[in-house]
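Numbering (the numbering used here), first residue to last: 3 to 832.
Before any comments, here is the structure.
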Amino acid sequence: MRLSEMQTGSVGVIVKVNGHGSFRKRLIEMGFIAGKKVSVILNAPLKDPIEYEILGYKLSLRRDEARMIEVISEEEAKAQLISEGMKIPPVDADADEKDWLDREMEKLANERGHVIRVALVGNPNCGKTSLFNIASGSHEHVGNYSGVTVDAKEGRFEYGGYKFVLVDLPGTYSLSAYSPEELYVRKNLLEAMPDVVVNVVDASNIERNLYLTTQVIDMNLRTVVALNMYDELEAKGDKIDIKQLGWLLGIPIVPTVSRDGKGIPELFDTVIKIYTQSDPTLARHIHINHGPEIEKSIDRIKLMLQENEELRTRYSTRYLAIKYLENDSDVERIVESLPGRNLLIAARVEEQRRIEDLMHTNTESAIVDAKYAFIQGALAETYTRHIEKRPRRTITDKIDAVVTNKWMAFPIFVLLLYIMFEATFALGNYPMDWIDWLVGKFGEFVAMFMKDGWLKDLMVNGVIAGVGSVLVFLPNIMILYFFISLMEDSGYMARAAFIVDKLMHKIGLHGKSFIPMVMGFGCNVPAIMATRSIESRKSRLITIAIIPFMSCAGRLPIFVLIAGAFFPANAALAMLGIYLLGIVLAILSATVLSRFVKDDDLPFVMELPPYRVPTGKAIWRHTWEKGKQYLQKMATTILICSIIIWFLGFFPRNTELIDAQARYAELTEQPVLTEDLQAELDSVSAKVNDLYEYQQENSYIGMLGRAVAPVMNPLGFTWKMDVSLLTGVAAKELVVSTLGVMYSQGAKISQGEDLQDDTALQSALVQAIRWPAALAFMVFILLYFPCVATFVAIKNETGRWRWAILCCAYTMVVAWVFALLANQIGTLFL
């Protein structure tokens, strides 16, 4: 609870004082200290300011100032004590009992005060998420390229008598307003007000990384620098005076190697000291010196901003002044809401003109240059670079000479994709067969011990057939993610973006767009979220629109099923062709969309990290996490939808079918079949099969399938396939589940087929359609309506339903047209 939320007459104990700089210092000097009791005396007639009593005297605070103080109220304390089984003294209790309650409140406030909220910030690929995982015991994905973290991840752990709430923010090169990612990080730092910021700095690229550090210093936040990958700096023979650099920055610096956990305990020991202010020599408040002329402009704007009480309370006005001089759009919106905005606007124009006249460059460039000059000066005093007589070509240079070669780059990329798909089939076939066999045997076991009826049908033909048909593809999913993780963690993914940048530029995108596109091979949802790292609004919107053409892992079981059934000799090539078709159509779509979406063109800037050998632990963790998500989806979405699909296919019941099934059961139970009985059994068996088909066609799901059949008939699909496409809108894995249920309910009992067996499902499909229709089905699955989760992600990232609806409509039209072409062209070769 905040102090501003307490009602008149209520009592509380202070937990912590937020804010920064002189404002926070003034509050503490006034007596607002953690663990002290505070009472609300009264509110002013206009509800602002508020009078409080603390340490025996009365004083007033504005509501905005009181909002910065965290408290635990008497009511909160009583509620917590009651929940812990303690007896609360009555209102008319004696002094000793009231003293007991006060002590308990102080104890609770102390416990809450021992919770430290830490924000992790740093450049992309600086090892920030590795540090987060090591410290908190979490398992967030780590990749050797920028843009892996796309939103804030939170982890909790205890250390040194404190509870830590660790927030891993997306990697960013600066805190400017160029991309949603940068704005997201900045907003989190300014609005969420972490107790301590841990700025993770890549020691092997320290100069560029410290630019972000200077911006955090401008914000006047309590900060600790984790000088990460320190082992790489030492391996190069470079030396750095950490203590002196920390003194120059006014921030304590702790060397760390997050991959191995080295330096992590020392880092959080330092965080505790900064939080408790137990060692005043650790940090000192400094201002980055931008030179006399720029500093004069900053001071003028800062003084004008300080006239606003709310700004002075919530933000570092020096930071706002710097960003305002840089024409930061977010800060401009803040200024527009101020009463004296016209004076501020005029002052900025005047100061910018003065700086540009004196320094012969625009103000934004002048400020950036000044920050780098400060960094270079600090490193000149503290950093000694090892200079070799004859520069060696690093392993990264040697590998890049091959994989980014003009003639070899694209063939290598296609070859890697082919190897990935070939392994998905070749290696996945063995565990697939084992799981397939187990699912079939489990279905037989359940059928053996259950009485005939709707419940048995639900379990065997609904749950086991539906979930089992999807479960069998788990090995393929994990193999796919294994290869994607390998490319990400090694650093090859960033090279792929570099390779295609020129091609991307021609279609109105940048190489950065390629990273989310490749991420789409795993799942479209995080891929769409990863577009936050793209600065250009135009490139970001177009990338979001074409990501659904990237074949996600949810489509993989469908492709494995169809390719294995209709193209067994060339299944990997068929898969590669489908994936490449998605990429080609994405490129063509981007070319068209770039003519309609207008925006300023921004330069392509993307880091090419050094190659690193992926750790087996990280690869396995990422692969298993994706496999676990797949299993969780089977236990929830796919299970529920399989039951719904079974219900819609089972009802309304056909009494003639029920009678025929009963007679068939009687005949099969006969110990000896005479010639007449055998003839009757054959007749009843054929009748049951015919009635099964009739039952399905006239069931609720059959009605639905026949309703859309006229639109899909030109593509060569059966009505059962049409139904599977409808259920695939919820999740693409449901396509296989639906086919498993539909063809299981229609299995021919005379042939004894077991549709829990995926091979039997493939056989049923081969009997139902020809290979051109199967190819058209794969094309349609690749291109049509993205799943509901992707639809929502598009809306969330673009901020408009219009974009989500347009994407869905566009993909449906493209899917239908290209599926029609695939079917018609394929038919010519029959």
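Cβ atoms here follow ideal geometry from the backbone N, Cα and C, with glycine treated the same way.
7 Å Cβ shell around T10 - same chain, five flanking residues per side excluded | The sequence position of residue 10 within the sequence shown is 8, counting from 1. Closer than 7 Å at Cβ, skipping near neighbours: V42, L44, N45.
Within 10 angstroms of its Cβ, does H289 collect 16 or more other Cβ (buried), or is it exposed?
-> In the sequence shown, the residue the question calls residue 289 occupies position 287. H289 is exposed by the Cβ-count criterion.
State the DSSP-derived secondary structure class of Y694, mapped to helix, strand or coil.
-> As a working mapping, residue 694 is identified with position 692 in the sequence shown. Correct three-state label for Y694: helix.
Report all residues from its chain with a CB closer than 8 Å to the CB of G651; omit the five preceding and five following residues, and keep chain order.
-> Walking along the sequence shown from the start, residue 651 turns up at place 649. Spatial neighbours of G651 in its own chain (CB-CB distance under 8 Å, excluding positions within 5 residues in sequence) are listed in chain order as Q698, S701, Y702, I703, G704, V743, M744, Q747.
Counting only the same chain and skipping the five closest in sequence on each side, list residues whose C-beta sits under 8 Å from that of Q246.
-> By 1-based counting over the sequence shown, the position of residue 246 is 244. So the list reads E383, T384, once near-sequence residues are dropped.
If you check the beta carbons only, do V199 and A228 fall under 8 Å apart?
-> The residue you call residue 199 lines up with position 197 of the sequence shown. The residue you call residue 228 lines up with position 226 of the sequence shown. Against a cut-off of 8 Å, the Cβ pair of A228 and V199 comes out as no contact.
Give the secondary structure of V674 by DSSP, where H, G and I count as helix, E and B as strand, and everything else as coil.
-> The sequence position of residue 674 within the sequence shown is 672, counting from 1. In this structure, V674 counts as coil in the three-state DSSP scheme.
Within the same chain, show all residues whose beta-carbon is closer than 8 Å to that of A205, passing over the 5 residues directly before and after it, in chain order.
-> Position 203 of the sequence shown, counted from the first residue, corresponds to residue 205. Beyond the five residues adjoining it in sequence on each side, A205 comes within less than 8 Å, by CB distance, of L229, N230, M231, Y232, E234, L235, I242, P257 in the same chain, given in chain order.
Report buried or exposed for I796, applying the criterion of at least 16 other Cβ atoms within 10 angstroms of its Cβ.
-> Position 794 of the sequence shown, counted from the start, is the residue given in the question as residue 796. Around the beta-carbon of I796, 16 or more other beta-carbon atoms lie within 10 Å, marking it buried.
Check whether the Cβ atoms of A565 and M577 sit closer than 8 Å, and answer yes or no.
-> For the purposes of this step, residue 565 is identified with residue 563 of the sequence shown, where counting begins at 1. For the purposes of this step, residue 577 is identified with residue 575 of the sequence shown, where counting begins at 1. Between A565 and M577, the C-beta gap is smaller than 8 Å, which places the two residues in contact.
Which ranges would you report for the alpha helix (DSSP H) in the region 273-352 if only whole runs of at least 4 residues count?
-> Annotation note: the region 273-352 contains the following uninterrupted alpha helix (DSSP H) runs of length 4 or greater, listed N- to C-terminal: 294-307, 311-316, 319-327, 331-338.
Hey, how far is the Cα of A375 from the Cα of R557?
-> Counting from 1 along the sequence shown, the entry for residue 375 is found at position 373. Counting from 1 along the sequence shown, the entry for residue 557 is found at position 555. The alpha-carbon atoms of A375 and R557 are separated by roughly 52 Å.
Ignoring anything shorter than 4 residues or poking outside the region 683-746, list the alpha helix (DSSP H) runs there in chain order.
-> Qualifying alpha helix (DSSP H) stretches, in chain order: 702-714, 721-729.
Distance, Q308 Cα to E735 Cα = Taking the first residue of the sequence shown as position 1, residue 735 is located at position 733. Taking the first residue of the sequence shown as position 1, residue 308 is located at position 306. Whole-angstrom Cα-Cα distance: 57 Å.
May I have the straight-line CA-CA distance separating L633 from T639, to the nearest angstrom?
-> Walking along the sequence shown from the start, residue 633 turns up at place 631. Walking along the sequence shown from the start, residue 639 turns up at place 637. The alpha-carbon of L633 is positioned some 10 Å away from that of T639.
C-beta contact flag for G115 and A36 at 8 Å = Reading the sequence shown from its first residue, position 113 is the one you call residue 115. Reading the sequence shown from its first residue, position 34 is the one you call residue 36. Cβ distance < 8 Å, so G115 and A36 count as in contact.
Any idea what DSSP makes of I751, helix, strand or coil?
-> Within the sequence shown, residue 751 is the residue found at index 749, counting from 1. In this prediction, I751 has a pLDDT of 49, which is less than 50 and means its spatial position is unreliable; nothing more can be read from the coordinates.
Pull up the distance between the alpha-carbon of I585 and that of W622, whole angstroms please.
-> Sequence index remark: in the sequence shown, residue 585 carries index 583 (1-based). Sequence index remark: in the sequence shown, residue 622 carries index 620 (1-based). C-alpha of I585 to C-alpha of W622: approximately 28 Å in a straight line.
Given A555 as reference, the closest of A806, F415, P788, L327 once Cα atoms are compared | Counting from 1 along the sequence shown, the entry for residue 555 is found at position 553. In terms of CA proximity to A555, P788 leads the group A806, F415, P788, L327.
Does the Cβ-Cβ distance between L784 and G828 come in under 8 Å?
-> Here the question's residue 784 lines up with position 782 in the sequence shown. Here the question's residue 828 lines up with position 826 in the sequence shown. The answer is no: Cβ separation not under 8 Å.
K408 versus A498, G430, R665, residue with shortest Cα-Cα distance | Sequence index remark: in the sequence shown, residue 408 carries index 406 (1-based). Closest option to K408, Cα to Cα, is A498.
According to DSSP, residues forming a beta bridge with G124 = Numbered from its first residue, the sequence shown carries residue 124 at position 122. Under DSSP, the beta-bridge partners assigned to G124 are V202.
Alpha carbon to alpha carbon, how far is H362 from A368?
-> As a working note, residue 362 is residue 360 in the sequence shown. As a working note, residue 368 is residue 366 in the sequence shown. C-alpha of H362 to C-alpha of A368: approximately 9 Å in a straight line.
In chain order, which alpha helix (DSSP H) runs of at least 4 residues are fully inside the region 528-616?
-> Under the rule that a run must span 4 or more residues, the alpha helix (DSSP H) segments found entirely inside the region 528-616 read 539-548, 558-568, 573-595.
Within 10 angstroms of the Cβ of E668, are there 16 or more other Cβ atoms? Answer buried if so, exposed if not.
-> For the purposes of this step, residue 668 is taken as the residue at position 666 of the sequence shown. In this structure E668 is exposed. Its beta-carbon is surrounded by fewer than 16 other beta-carbon atoms within 10 angstroms.
Own chain residues within Cβ distance below 6 Å of P182, not counting five before or after | Here the question's residue 182 lines up with position 180 in the sequence shown. Around P182: R534.
Please check the pair T296 and A372, which I expect to be a contact at CB under 8 Å, by giving their CB distance rounded to whole angstroms.
-> The sequence position of residue 296 within the sequence shown is 294, counting from 1. The sequence position of residue 372 within the sequence shown is 370, counting from 1. In the sequence as displayed, the identity of residue 296 is Ile instead of Thr. The C-beta distance from I296 to A372 rounds to 6 Å, short enough to meet the 8 Å contact threshold.
Terminal residues of the beta strand (DSSP E) in which R395 lies = Counting from 1 along the sequence shown, the entry for residue 395 is found at position 393. Element bounds for R395: n/a, residue is neither H nor E.
Three-way DSSP call (helix, strand, coil) for I357 in this model = In the sequence shown, counting from the first residue as 1, residue 357 sits at position 355. Of the three classes helix, strand and coil, the one that applies to I357 here is helix, per DSSP.
In terms of alpha-carbon separation, which member of S471, I642, K630 lies closest to V562?
-> Residue mapping note: residue 562 aligns to position 560 of the sequence shown, counting from 1. When each option's Cα is compared against that of V562, the closest is S471.
Taking the alpha carbon of V13 as the point to measure from, which residue in E53, G139, S591, P172 has its own alpha carbon closest?
-> Start at 1 with the first residue of the sequence shown, and residue 13 comes out as number 11. Out of E53, G139, S591, P172, E53 has the C-alpha closest to the C-alpha of V13.
CB-CB length for V686 against R665, believed under 8 Å = The residue given as residue 686 occupies position 684 in the sequence shown. The residue given as residue 665 occupies position 663 in the sequence shown. Between R665 and V686 the Cβ distance is about 5 Å, and since that is below 8 Å, they are a contact.
Nearest-angstrom Cα separation, counted from V816 out to C809 | If you number the sequence shown from 1, residue 809 lands on position 807. If you number the sequence shown from 1, residue 816 lands on position 814. Taking the straight line from one Cα to the other gives about 11 Å.
Roughly how many angstroms separate the alpha carbons of F831 and G468, rounded to a whole number?
-> Along the sequence shown, one-based indexing puts residue 831 at 829. Along the sequence shown, one-based indexing puts residue 468 at 466. F831 and G468 have their C-alpha atoms some 34 Å from each other.
Taking 8 Å as the CB-CB cut-off, is I90 touching chain C?
-> Of the protein chains in this structure there is only one, and it is not chain C.
Opposite D170 in the DSSP bridges: which residues?
-> The residue you call residue 170 lines up with position 168 of the sequence shown. Per DSSP, L122, K155.
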